[in-house]
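Asker: One structure follows; several queries about it will come next.
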Amino acid sequence: MSGEPQGDEGGTAVWRAMRGPWRFLWSSWPVRCWAFLFSGSLLGFGLLVALVVLSAAGVLLSVVGVGLAVLVGVAVSGVPLGRFERRRLRLVEPAPVADPHPPLTASGVRGWLRARLRERATWRELGYAWLLAGVFAAAGLGVTLLVALAGTLVATPVLVAALAPETVMIIPGRAVPNALAGLPFSVAGVALLAVAAYAAGLLTGAQVASARFLLGPREELSRRVLELTRSRVRLADAFEAERRRIERDLHDGAQQQLVALTMTLGLARMELGDAHPAAAALVERGRAEARRALDQLRELVRGIHPQVLTDHGLAAAVTEVALRHPVPVTVDIDLPRRLPDAVETTAYFTVTEALANAAKHSGASRVTVVGRLDGERLTLAVTDDGRGGADPARGTGLTGLADRLAVLRGRLTLSSPDGGPTELRVEVPCSE
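Numbering (our numbering), first residue to last: 34 to 465.
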């Protein structure tokens, strides 16, 4: 059925179709909804009788032991009903509802019963059975009677022409004299059909939403969300472990080699003395280059992960950055305790990126960094008095910071109207 909404974004398919009122009325949706509700009413009332009779019989017969088996049958009656309803939903819901029951490992009737009675999905399906038998069956019957009344009103002229006029009474006590006099009733019937169509759409959407909630695989979804969260944490831990490895290799490898090179060049300069001034100048020049390379490497290591952050925490690390910043920075970070390593690292680099942007693009004369721990959530605000107009799409690195915060379930918000001020606000959960 081309042109009809697919998927499950924005609610049920019928509710999405109702966003176009006239298109909905002229589509197949009203008829499909009426058929869905009418068949649901027949099924629901039959199910209500069966559930009431079996439940009562189970309670009465429990004194002789047979009733327990009857009650167990009532408890698992929602399983076949759920399977049938998931198929019947395809009449009004293109997106299928998956079976919430995992494959069985036990065999036989007793194994099947034992497995199903332990599953929450079985009891949700039983709850849906009672909901269908009570609420949705009655509501569906009401919509069906409304459609029947509307159809009768629409067919009034035909009924008057086919039958004796004095026998057709739409209004009690007053017969319709002729077919022409029945036209106003037809107009009213058309309007009532439109009302019945929208009522059926709303009720069908509610039933589909309830069915997806009660008959769908909620435990599987929870497991997927949990696994996604765990994989995200493992990814963050892997990045942190790789960072530590790079930092250690630079510190213990290249940095130590540059220190040794500087010392060797110093000894070579001493050996040359004043006998070879040209060679001594070249050695001294090489020694100076080695020192500059060592300084740059130390800055690189500090940029990867400053030692003060590891030793003293976020507040001390941000304060050290503020002292070296070309724009005056006021730091007000008051944290009662150390935070998890991943949180401190992400918060630190977010602040340093914000300070770098303020120095390069904002034209600010002062920057303020405020940090607090609100329960289990770290809140940081970096505010400058610059010209404003910051846009993450212009390559300021804010998009990458937002992605990095998202790994920790954090949030980054930017307020930067033209003329300033610019405020970058970061919120990161700190629970381990």
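Note that CB positions come from ideal geometry on N, CA and C, so glycine has one too.
Under DSSP, the beta strand (DSSP E) around ARG410 begins and ends at which residues?
Answerer: Unbroken beta strand (DSSP E) run through ARG410: 410-417.
Asker: Which of helix, strand or coil does DSSP assign to THR363?
Answerer: In the structure shown, THR363 sits in a strand (DSSP, three-state: E or B).
Asker: Quick check: the Cα distance between ARG302 and ARG399, rounded to an integer number of angstroms?
Answerer: Going by the C-alpha atoms only, they are around 47 Å apart.
Asker: Within the chosen definition, does the stretch 122-131 reach the stretch 45-61 through at least 3 CB pairs nearer than 8 Å?
Answerer: Yes, the stretch 122-131 touches the stretch 45-61.
Asker: Can the beta-carbon of GLY73 be found less than 8 Å from the beta-carbon of GLY144?
Answerer: Against a cut-off of 8 Å, the Cβ pair of GLY144 and GLY73 comes out as no contact.
Asker: Could you tell me the alpha carbon to alpha carbon distance between PHE218 and GLY111, rounded to whole angstroms?
Answerer: Approximately 44 Å between the Cα atoms of the pair.
Asker: Might you give, ordered along the chain, the residues of its own chain that have their beta carbon closer than 8 Å to the beta carbon of LEU236, omitting 5 neighbours on each side?
Answerer: Result list for LEU236: CYS66, LEU70, PHE169, ALA172, GLY173 and VAL176, in chain order.
Asker: Are the CB atoms of VAL187 and GLY222 nearer to each other than 8 Å?
Answerer: Yes, the pair counts as a contact, with Cβ atoms nearer than the cut-off.
Asker: Got a sec? Which residues, its chain only, sit under 7 Å from HIS358 by beta carbon, not counting five neighbours each side?
Answerer: Excluding positions up to five away in sequence, the list reads LEU388 and ALA392.
Asker: Roughly how many whole angstroms lie between the Cα atoms of LEU192 and TRP59?
Answerer: Going from the Cα of LEU192 to the Cα of TRP59 covers about 25 Å.
Asker: Buried or exposed: MET296, going by 16 or more other Cβ atoms within 10 Å of its Cβ?
Answerer: Per the 10 Å Cβ criterion, exposed.
Asker: Suppose only complete runs of 4+ residues qualify. What are the alpha helix (DSSP H) ranges in the stretch 67-113, listed by chain order?
Answerer: Here the runs fully enclosed are 99-108.
Asker: If you compare alpha carbons, which of VAL360, GLY453, ASP436 and ALA232 is closest to ALA423?
Answerer: Here the closest residue by C-alpha is GLY453.
Asker: Tell me the rounded alpha-carbon separation between MET390 and LEU406.
Answerer: The sequence shown places Asn at residue 390, rather than the Met named in the question. The straight-line gap from Cα to Cα measures roughly 25 Å.
Asker: Counting contacts by CB-CB distance shorter than 8 Å, is THR378 in contact with chain D?
Answerer: In the structure shown, chain D cannot be found, because there is only a single protein chain.
Asker: Between which two residues does the alpha helix (DSSP H) holding PRO462 run?
Answerer: Run containing PRO462: none in the alpha helix (DSSP H); it sits in the beta strand (DSSP E), 455-462.
Asker: Strictly by DSSP, which residues pair up with ARG444?
Answerer: The partner list for ARG444 (beta bridge, DSSP) reads GLU460.
Asker: For VAL86, which residues of its own chain have a beta-carbon under 6 Å away from its beta-carbon, when the five flanking residues on both sides are left out?
Answerer: Same-chain partners within the cutoff: there are none.
Asker: Have a look at PRO113 and LEU94 and give me their C-alpha separation to the nearest angstrom.
Answerer: Their backbone Cα atoms lie some 24 Å apart in a straight line.
Asker: Relative to the C-alpha of PHE246, which candidate in LEU159, ALA181 and THR378 has its C-alpha closest?
Answerer: Considering only alpha carbons, the answer is LEU159.
Asker: Please identify the residue among ASP328, THR352, TYR381 and VAL228 whose C-alpha is closest to the C-alpha of PRO63.
Answerer: Checking every option, the nearest Cα to that of PRO63 belongs to VAL228.
Asker: Below 8 Å, how does it come out for the stretch 339-347 and the stretch 364-381: are there three or more Cβ pairs, yes or no?
Answerer: Touching, per the Cβ criterion.
Asker: Would you identify the three-state DSSP class for LEU192, choosing helix, strand or coil?
Answerer: If DSSP states are grouped into helix, strand and coil, LEU192 belongs with the helices.
Asker: Looking at C-beta atoms only, is the number of pairs between the stretch 412-419 and the stretch 434-444 that lie closer than 8 Å three or more?
Answerer: At 8 Å Cβ cutoff, the stretches do not touch.
Asker: Quick one: what's GLY404 bridged to in DSSP?
Answerer: Paired residues: ILE366 and LEU413.
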